[in-house]
Amino acid sequence: MKNAEDANKTQFTHGGRYVMKKLPEVTLAFWIMKIAATTLGETAGDLFAQTLKLGYLLTTIALFGMFVVTLLVQLRSRRYNPFFYWTVILSTSMAGTTMSDFMNRDATAKYLPAGADALGWGPQGLGLGYPTGAAILVALLIAIFVAWRYTGLTFAIRDIDTFRGEALFWAAILVSNTLGTSMGDFLSDSSGLGYGGSALLVTGTLVALLALKYVPPVPNVALFWAAFVLTRPLGATAGDLLTKPTAKGGLDLGTLGSSAVLLTVLFALMSYAHVKDRKHGPRLHERRSGTVSDRLPAAEG
Numbered sequence: 001m002k003n004a005e006d007a008n009k010t011q012f013t014h015g016g017r018y019v020m021k022k023l024p025e026v027t028l029a030f031w032i033m034k035i036a037a038t039t040l041g042e043t044a045g046d047l048f049a050q051t052l053k054l055g056y057l058l059t060t061i062a063l064f065g066m067f068v069v070t071l072l073v074q075l076r077s078r079r080y081n082p083f084f085y086w087t088v089i090l091s092t093s094m095a096g097t098t099m100s101d102f103m104n105r106d107a108t109a110k111y112l113p114a115g116a117d118a119l120g121w122g123p124q125g126l127g128l129g130y131p132t133g134a135a136i137l138v139a140l141l142i143a144i145f146v147a148w149r150y151t152g153l154t155f156a157i158r159d160i161d162t163f164r165g166e167a168l169f170w171a172a173i174l175v176s177n178t179l180g181t182s183m184g185d186f187l188s189d190s191s192g193l194g195y196g197g198s199a200l201l202v203t204g205t206l207v208a209l210l211a212l213k214y215v216p217p218v219p220n221v222a223l224f225w226a227a228f229v230l231t232r233p234l235g236a237t238a239g240d241l242l243t244k245p246t247a248k249g250g251l252d253l254g255t256l257g258s259s260a261v262l263l264t265v266l267f268a269l270m271s272y273a274h275v276k277d278r279k280h281g282p283r284l285h286e287r288r289s290g291t292v293s294d295r296l297p298a299a300e301g
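This is the structure in C-alpha cells:
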C-alpha cells in the first residue's frame with residue numbers, strides 16, 4: 001500500500017502519472033508458465049474434442065465462450081493478477097487448439113481417434129489444410145499488428161496500460177496461439193520429424209531467438225512476439241508427444257492424465273507468482289503524457 005500511496009503523491013511529477021500494471025514482467029518464470037499453459041491447452045483441447053468426442057465445432061464454441069468470460073474478468077481487473085492473466089492464456093491455448101483443428105482438419109480417419117467414425121455434432125472440420133489455415137491466421141495476425149501500430153500504442157508488454165492496448169494484446173494472443181497450434185500440428189503430422197523431433201526443432205529456434213536478444217540491431221519487441229508464437233507449437237508438439245499412442249511416436253500418457261499433471265504444475269506456478277506479487281506490492285508504471293515514448297512501440301526487456 002505504501003508504494004501506491006507514494007505513487008499517488010507524485011503522480012503528476014515530471015509531467016507524467018503512475019498507473020497500475022496489469023500484465024506480468026517477462027522473465028524466465030514467464031516463459032516456463034507460458035510453455036506449461038500452452039502444453040496444457042493442447043492436451044485439454046484434445047481431451048474435450050477427441051477423448052470425450054465432443055468434436056471440434058462444439059468444443060471450439062464452448063472454449064471460445066470460456067475465453068470471452070476469462071478475458072472480461074482480466075479486462076475488468078484494476079491490477080495484475082497471475083490467476084486472471086494465466087487463465088486467459090490457458091483459455092486462448094485451449095480455444096486455439098480446437099479452432100486450428102476445426103479449420104485445418106476434416107472427417108477422414110486420419111484425424112479421428114482410434115475407433116471413432118465421427119466426433120460430436122456438426123461438421124468435423126473445414127479441411128482447409130495446414131498451409132491454407134496458417135496463411136489465413138498469419139494474415140489475421142498481421143492485420144491486428146497493423147491496426148495496433150496505427151493506434152500508436154506500444155507493443156511492449158511491460159508498458160501496456162490502457163484498455164485498448166490490452167484488448168489488442170489479447171486479440172494477438174488468441175490468433176498467435178491458434179497459428180502456433182497449426183504450426184505445431186503441421187510439424188508433428190506432416191513434416192516427418194515426429195513429435196520429439198518437432199519439439200527439438202522449435203526448442204532450437206527459441207534458443208536462436210534468445211541469442212539474437214544480445215544482438216543490438218534486432219528489436220527485442222520483435223523477438224518477444226516471435227518467441228510468443230513459437231512457444232505455442234512447442235506446447236502443441238510436447239502435448240502430442242505426451243498423449244499420442246506409442247505407435248505414432250508418442251508416450252501414450254493420455255489426455256486426461258497429462259492434463260491433470262500440467263494443470264497441477266500451472267496452478268502451483270500461478271500460486272507462487274501470486275504470493276510473490278503480493279509480497280512486493282502493486283507494480284506501478286510511469287506513463288508520461290505527450291512524449292514520443294507514448295506514441296511509438298517501446299523495446300521489450
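1 is the number of the first residue of the sequence shown in the UniProt record's numbering; add one for each residue after it.
Beta carbons are placed, not taken as given, at the ideal position from N, Cα and C, and that holds for glycine.
Computed from a prediction, not measured in an experiment: that's the story for all the values here.
The Cβ-Cβ distance between Leu179 and Val229 falls below 8 Å. Per DSSP, the unbroken alpha helix (DSSP H) holding Lys34 starts and ends at 28-46. For the pair Gly204 and Thr231, the Cα-to-Cα distance works out to about 11 Å. Asn177 carries a helical assignment under DSSP once its states are collapsed to helix, strand and coil.
Just so you know, the alpha carbons of Trp121 and Thr255 end up roughly 21 Å apart. Around the beta carbon of Lys279, fewer than 16 other beta carbons sit within 10 angstroms, so the residue counts as exposed. Taking one beta carbon from each stretch, the stretch 56-68 and the stretch 134-149 have fewer than 3 pairs nearer than 8 Å; the two do not touch. Segment contact: the stretch 76-95 against the stretch 263-274, three or more CB-CB distances shorter than 8 Å; contact assigned. Contact check for Tyr195 against Gly250 passes: the beta carbons are separated by less than 8 Å.
At a Cβ-Cβ threshold of 8 Å, Gly41 and Ser93 count as neighbours. DSSP, reduced to helix, strand and coil, places Gln124 outside both helices and strands of the structure shown, so it counts as coil. The Cβ-Cβ distance between Thr39 and Phe48 does not fall below 8 Å. Straight through space, the alpha carbons of Tyr150 and Val261 are spaced by roughly 42 Å. The stretch 29-39 makes no contact with the stretch 65-74, as fewer than three CB pairs between them are under 8 Å. Between Leu75 and Phe163, the C-beta gap is smaller than 8 Å, which places the two residues in contact. The C-beta of Ile32 has fewer than 16 other C-beta atoms within 10 Å across all chains shown, which makes the residue exposed.
With a threshold of 16 other beta carbon atoms within 10 Å, Arg105 meets it and is buried.
With respect to the C-alpha of Ile136, the residue from Pro123, Met103, Ile160 having the closest C-alpha is Met103. Separation of the CB atoms of Phe83 and His274 is rounded to 6 Å, and the pair is thereby assigned contact status at 8 Å.
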